[in-house]
Amino acid sequence: GARGRDKSVWTELIRNLERRDLLPMVVFAFSKRRCDTMVDSLTGLDLTGGAEKHEIHVFCERCLSRLSPPDRKLPQVLRVRELLRRGLGVHHAGLLPIVKEIVEMLFCRGLLKVLFSTETFAMGVNAPARSVCFQDLRKHDGSEFRGILPGEYTQMAGRAGRRGLDPVGTVIIAAWDNFPTESVVRNLLAGKATKLQSQFRLTFGMILNLMRVEDLRVEDMLARSFAEFHAQRGVMDKRAGLALDVAALKRVNHLAAEEEASDIVGWAAAEAHEHASAAVRHAAAEVRAAVLTSKGGIAAMTAGRVLLIAGGGGDIDKHGALLRIVSTSTAGARGAVASEEAAGKTYVVLVPCPEGHPALTDEEKAEEAAAARAEEEEERKPSEPMMMIRKGKRDDDDDDDDVFGGGGYGKKGGKRGGGGSEDARIEGPMPPSLPWRLSSAGMDYLVRAVPFDSVLAITEAKIPVEQGALLEAPTDGSSPTPAAAAAAARALSALEKTLSNGSPGAVHPVKDLKLADVAAVELCHEHSRLVSRLPPLPPSVAPRLRAWHALLDARRELQKRVDDAEYNLSDANLQQMPDFETRVQVLQTMGYLDEDRTVTLKGRVACEIATGDELVGTEIIFDGVLRDLPPEEAVAVLAALVFQEKNASAPELHGSLLEACERSKELAFLAGEEQLKKGLAIAPDEYVTTTLRFGLTEVVNEWAKGTLFSDICTITDVQEGSIVRTIVRLDEMCRDVRN
9 GARGRDKSVW
19 TELIRNLERR
29 DLLPMVVFAF
39 SKRRCDTMVD
49 SLTGLDLTGG
59 AEKHEIHVFC
69 ERCLSRLSPP
79 DRKLPQVLRV
89 RELLRRGLGV
99 HHAGLLPIVK
109 EIVEMLFCRG
119 LLKVLFSTET
129 FAMGVNAPAR
139 SVCFQDLRKH
149 DGSEFRGILP
159 GEYTQMAGRA
169 GRRGLDPVGT
179 VIIAAWDNFP
189 TESVVRNLLA
199 GKATKLQSQF
209 RLTFGMILNL
219 MRVEDLRVED
229 MLARSFAEFH
239 AQRGVMDKRA
249 GLALDVAALK
259 RVNHLAAEEE
269 ASDIVGWAAA
279 EAHEHASAAV
289 RHAAAEVRAA
299 VLTSKGGIAA
309 MTAGRVLLIA
319 GGGGDIDKHG
329 ALLRIVSTST
339 AGARGAVASE
349 EAAGKTYVVL
359 VPCPEGHPAL
369 TDEEKAEEAA
379 AARAEEEEER
389 KPSEPMMMIR
399 KGKRDDDDDD
409 DDVFGGGGYG
419 KKGGKRGGGG
429 SEDARIEGPM
439 PPSLPWRLSS
449 AGMDYLVRAV
459 PFDSVLAITE
469 AKIPVEQGAL
479 LEAPTDGSSP
489 TPAAAAAAAR
499 ALSALEKTLS
509 NGSPGAVHPV
519 KDLKLADVAA
529 VELCHEHSRL
539 VSRLPPLPPS
549 VAPRLRAWHA
559 LLDARRELQK
569 RVDDAEYNLS
579 DANLQQMPDF
589 ETRVQVLQTM
599 GYLDEDRTVT
609 LKGRVACEIA
619 TGDELVGTEI
629 IFDGVLRDLP
639 PEEAVAVLAA
649 LVFQEKNASA
659 PELHGSLLEA
669 CERSKELAFL
679 AGEEQLKKGL
689 AIAPDEYVTT
699 TLRFGLTEVV
709 NEWAKGTLFS
719 DICTITDVQE
729 GSIVRTIVRL
739 DEMCRDVRN
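This is the structure we're talking about:
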């Protein structure tokens, strides 16, 4: 069978390495059972001579003399002695501590030729070998099977090659049942080391112990943990930046106070307008894509539609009339995604400037120079005809003007100023050398191109515009043509009349845009409410409006930076603070902390339990589970808190011990249920099985009665080393409970 095949393969491998003088060898397997199975299969293999056998025998006799005569005859001791006599060894957590020490010392002396071990032998034991062999490259890490990491491979493979004795170390991958691919091996040999990740976890005992110390805050401890290292690494730089921002904010506030004192009414109006504009911008960012990509939104973008445009170059947010849509991609391309197509469009708009033209920014100067060069190159090429896309109209439908209430140019009807345009909807090429800073009839205005994300709202208002005239390029760069000047005067007058009654609201999300998504409709309603409530600005503030807007914008931005920096430097920004607050609520509900977060008597008892789950242990004590039990049964119940292995056989329990164990399960379930109610990711059933494991309850009961260890080992399948390790931890648990 498979065992016979393994025996022959391992025997052949070891004999081959012996002939090549590549022993001693450490064979790494990732389970205790696998180590025992492999070494037990090599029954006929003997790798030691007479002198070595004698030395091994004498050493084992001297070490085992510390044990009582019955313990020297334990099955594990006898079995391992026989393996050691033949130059074979096994090393894992299931061995008795003294047996593990014997194996380690004999291997370091060079008397063991082959050692079958789990991963623990590669950690903390300075015992190099000439060769290292991997039985498999996959392991179970407590939650899942995965391949070993490059760092783990390096740690184990580093045992191959003894300094000063071997020029090289030999590593053998003997994963015959699951042979790795080339990419897996390449990653092990040349892959990047795993980054250090904090395993720091808050526990109830940790919180209670810190709560008892008045001079130490839990938040300070969390901030100093490695879990917060990356977040806290730039604290000094953040504090320095915060100091600079606070100083700048003070200067801006001082300037703002001076401006406010010079014109209290005007400043209040400008401040209210700037605050409302910020709210509109935030709302527009959430609804823009849904509005501009909807069928109704596309239909609404006709010439003359009044849009709310985000200010640029220090300007404020303003209403403007749409003149042209310029698409950077082929309009109407099949298969185009609506949102991507809309985001690729630019909108040419007419914007009034009652406060005068803003000064050119450096970017706009560079853009104008580039546009002038491009225009010169374009003149050398054949001109392209302008594409005009008009809204379709049936001969038998005289009312098909516009779904948003604005009729055709010169027709009656229309909303908020009515009227229409000479073209219902137009797309075409980008006019040259935008923006145009022009004046007509004593009124300054801009013809500028704005991107998709600068459109803050499509309003329900529409005015008559004459695109052909308004898009005629200025004759000398700053003066409109006569036709453009006349058209601009009429359009600006209509826009002024439309805005005289306040800011027009945005288009209706259901009636006009035909949106069906309830969440999008609610966002659009909120956005429309904010747009319609934009406060008007008195004409008296026009000359100072741009400077005030820049000052208010700087103050808002600085205040936001200061608030963000203060939050990032505060305790509220700690990653584990939500978990801490949740656990505090659990402790308050269960009576470990009072309302003032002072540790109660129950909490002080939990602080004393350092071994096992402190909540379940405290609940067992306060519920009186141990009160009427004899000492041997009391420690048997407590053993469930410290035993860690999952696959132990179920014990046979009776009488009061069985009742105490069942009551302990109930208390653990209630504790897990309370944690789940408060928001911790805990399943009560799983919490019971992880905090209480009764696999050694019967064993500990017999131990406490004085039963011989050799007899105890016969009533469980748990290995001797695990039993001893559990008893040692149980001794610590009993000391905690006694205190």
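Residue numbers for the sequence shown follow our numbering, so the first one is 9 and each next one is one higher. Built from N, CA and C at the ideal position, the CB exists for glycine as well.
**N- and C-terminal bounds of the alpha helix (DSSP H) containing Thr597** = Taking the sequence shown and counting its residues from 1, one reaches residue 597 at position 589. Unbroken alpha helix (DSSP H) run through Thr597: Met585 to Thr597.
**Request:** For the alpha helix (DSSP H) holding Arg332, just list the boundary residues, first then last.
**Result:** Residue numbering aside, residue 332 sits at position 324 when the sequence shown is read from its first letter. Arg332 -> not in any alpha helix (DSSP H); beta strand (DSSP E) instead, spanning Lys326 to Ser335.
**Prompt:** If you check the beta carbons only, do Leu595 and Leu216 fall under 9 Å apart?
**Reply:** Stepping through the sequence shown from its first residue, residue 595 is reached at position 587. Stepping through the sequence shown from its first residue, residue 216 is reached at position 208. It is a contact, given that the beta carbons lie within the stated cut-off.
**Asked** Expressed to the nearest angstrom, what Euclidean distance is found between the alpha-carbon atoms of Ala648 and Asp44?
**Response** Reading the sequence shown from its first residue, position 640 is the one you call residue 648. Reading the sequence shown from its first residue, position 36 is the one you call residue 44. Rounded to the nearest angstrom, the two C-alpha atoms are 26 Å apart.
**Asked** Going straight from the alpha carbon of Gly118 to that of Ala137, what length do you get?
**Response** Translated into the one-based positions of the sequence shown, residue 118 becomes position 110. Translated into the one-based positions of the sequence shown, residue 137 becomes position 129. Taking the straight line joining both Cα atoms gives about 9 Å.
**Item:** Met33, enclosing beta strand (DSSP E) - first and last residue
**Value:** Mapped onto the sequence shown, residue 33 falls at position 25. Per DSSP, Met33 belongs to the beta strand (DSSP E) from Met33 to Phe36.
**Request:** For Phe153, write down the residues that DSSP places opposite it in a beta bridge.
**Result:** The sequence position of residue 153 within the sequence shown is 145, counting from 1. His148.
**Prompt:** From Gly415 to Ala287, what distance separates their C-alpha atoms?
**Reply:** The residue labelled residue 415 in the question sits at position 407 within the sequence shown. The residue labelled residue 287 in the question sits at position 279 within the sequence shown. Because Gly415 carries a pLDDT of 36, less than 50, the predicted location of this residue cannot be relied on, and the following value inherits that uncertainty. Going from the Cα of Gly415 to the Cα of Ala287 covers about 32 Å.
**Message:** Let me make sure I understand the geometry here. Which of Ile22, Leu82, Gly52 and Asp54 has the alpha-carbon closest to that of Leu716?
**Reply:** As a working note, residue 716 is residue 708 in the sequence shown. Among Ile22, Leu82, Gly52 and Asp54, the Cα nearest to that of Leu716 is on Leu82.
**Asked** With DSSP run on the structure shown, which of helix, strand or coil describes Lys423?
**Response** On the sequence shown, position 415 is the one that residue 423 refers to. Caution applies to Lys423, whose pLDDT of 41 falls short of 50 and renders its modelled position unreliable; the model cannot decide the point.
**Asked** Helix or strand or just coil, what does DSSP make of Thr456?
**Response** Against the sequence shown, residue 456 aligns to sequence position 448. The residue you asked about is not Thr; residue 456 is Arg in the sequence shown. Strand.
**Prompt:** For Arg569, which residues of its own chain have a beta-carbon under 7 Å away from its beta-carbon, when the five flanking residues on both sides are left out?
**Reply:** Along the sequence shown, one-based indexing puts residue 569 at 561. If we look at Arg569 and ignore the five residues flanking it on each side, its Cβ neighbours are Asp253.
**Request:** Give a yes or no on whether the C-beta atoms belonging to Pro512 and Ala277 are separated by under 9 Å.
**Result:** In the sequence shown, the residue the question calls residue 512 occupies position 504. In the sequence shown, the residue the question calls residue 277 occupies position 269. No, the pair does not count as a contact, with Cβ atoms beyond the cut-off.
**Asked** Under 9 Å between the Cβ atoms of Gly4 and Leu75?
**Response** Look at the range of the chain in this structure, 9 to 747, and you will see that residue 4 is not part of it.
**Message:** Given a cut-off of 9 Å on the beta-carbon distance, is the pair Thr722 and Ala656 in contact?
**Reply:** The residue labelled residue 722 in the question sits at position 714 within the sequence shown. The residue labelled residue 656 in the question sits at position 648 within the sequence shown. No, the Cβ-Cβ distance between Thr722 and Ala656 is not below 9 Å.
**Item:** Continuous alpha helix (DSSP H) assignments of at least 4 residues falling wholly in the region 22-102
**Value:** 40-48, 58-72, 77-80 and 83-93
**Prompt:** Is the Cβ-Cβ distance between Gly304 and Leu531 less than 9 Å?
**Reply:** Counted from its first residue, the sequence shown places residue 304 at position 296. Counted from its first residue, the sequence shown places residue 531 at position 523. Taking 9 Å as the Cβ cut-off, Gly304 and Leu531 do not qualify as a contacting pair.
**Request:** Below 8 Å on the Cβ atoms is my guess for Met126 versus Gly159; work out the distance and round it to an integer in Å.
**Result:** Reading the sequence shown from its first residue, position 118 is the one you call residue 126. Reading the sequence shown from its first residue, position 151 is the one you call residue 159. According to the sequence as given, residue 126 is Thr; it is not Met. About 17 Å; that fails the 8 Å criterion.
**Prompt:** Looking at C-beta atoms only, is the number of pairs between the region 706-715 and the region 57-65 that lie closer than 8 Å three or more?
**Reply:** no
**Prompt:** Leaving out five residues before and five after Ser718 in sequence, what residues of the same chain have Cβ atoms less than 6 Å from its Cβ?
**Reply:** Here the question's residue 718 lines up with position 710 in the sequence shown. Correct list, in chain order: Pro78 and Leu82.
**Prompt:** DSSP puts Ala514 in a beta bridge; with which residues?
**Reply:** Walking along the sequence shown from the start, residue 514 turns up at place 506. In the DSSP output, where bridge partners are listed per residue, Ala514 has Thr467.
**Message:** Tell me the residue span of the beta strand (DSSP E) that contains Arg313.
**Reply:** The residue labelled residue 313 in the question sits at position 305 within the sequence shown. Where Arg313 is concerned, the enclosing beta strand (DSSP E) stretches over Arg313 to Ile317.
**Classification of Phe153 by the beta-carbon crowding that lies within 10 angstroms, buried from 16 upward** = The count along the sequence shown starts at 1 and reaches residue 153 at position 145. It counts as exposed.
**Prompt:** Does the region 435-454 come within contact of the region 352-362, defined as at least 3 CB pairs closer than 8 Å?
**Reply:** yes
**Inter-stretch contact (C-beta, 8 Å, three-pair minimum) for the region 260-269 and the region 479-495** = no
**Prompt:** Taking all protein chains shown into account, do 16 or more other C-beta atoms lie within 10 angstroms of the C-beta of Thr506, making it buried, or fewer, making it exposed?
**Reply:** Indexing the sequence shown from 1 puts residue 506 at position 498. That one is buried.
**Request:** State the Cα-Cα distance for the pair Ala496 and Thr301, rounded to the nearest angstrom.
**Result:** The residue you call residue 496 lines up with position 488 of the sequence shown. The residue you call residue 301 lines up with position 293 of the sequence shown. Answer to the nearest angstrom: the Cα atoms are 29 Å apart.
**Prompt:** Secondary structure at Phe124, three-state DSSP: helix, strand or coil?
**Reply:** Along the sequence shown, one-based indexing puts residue 124 at 116. The answer is strand: DSSP assigns Phe124 an E or B state.
**Item:** Spatial distance of Arg701 from Cys669 (CA atoms)
**Value:** Within the sequence shown, the letter at position 693 stands for residue 701. Within the sequence shown, the letter at position 661 stands for residue 669. Rounded to the nearest angstrom, the two C-alpha atoms are 10 Å apart.
**Prompt:** Which one of Thr606, Gln593, Ser664 and Asn186 has the shortest CA to CA distance from Glu679?
**Reply:** The residue labelled residue 679 in the question sits at position 671 within the sequence shown. Strictly speaking, residue 679 in this sequence is Ala, with Glu absent from that position. Out of Thr606, Gln593, Ser664 and Asn186, Gln593 has the C-alpha closest to the C-alpha of Ala679.
**Prompt:** In chain order, what residues of the same chain lie with their CB nearer than 8 Å to the CB of Val624, ignoring the 5 residues before and after it?
**Reply:** Numbered from 1 along the sequence shown, position 616 holds the residue referred to as residue 624. Leu649, Ser672, Leu675, Ala676, Ala679, Thr699 and Leu700, listed in sequence order.
**Prompt:** Is the region 224-232 in contact with the region 550-564, if contact means three or more CB pairs nearer than 8 Å?
**Reply:** no
**Request:** Express the C-alpha separation of Pro175 and Ala168 in angstroms, rounding to a whole number.
**Result:** Start at 1 with the first residue of the sequence shown, and residue 168 comes out as number 160. Start at 1 with the first residue of the sequence shown, and residue 175 comes out as number 167. Distance between the alpha carbons of Ala168 and Pro175: 10 Å.
**Inter-residue spacing [alpha-carbon to alpha-carbon] between Glu468 and Ile317** = Reading the sequence shown from its first residue, position 460 is the one you call residue 468. Reading the sequence shown from its first residue, position 309 is the one you call residue 317. Rounded to whole angstroms, Glu468 to Ile317 spans 14 Å at the Cα level.
**Prompt:** Which of helix, strand or coil does DSSP assign to Trp184?
**Reply:** One-based indexing of the sequence shown puts residue 184 at position 176. It is coil, neither helix nor strand.
**Prompt:** The alpha helix (DSSP H) with Ser664 in it runs from where to where?
**Reply:** Indexing the sequence shown from 1 puts residue 664 at position 656. Start and end: Gly663 to Lys686.
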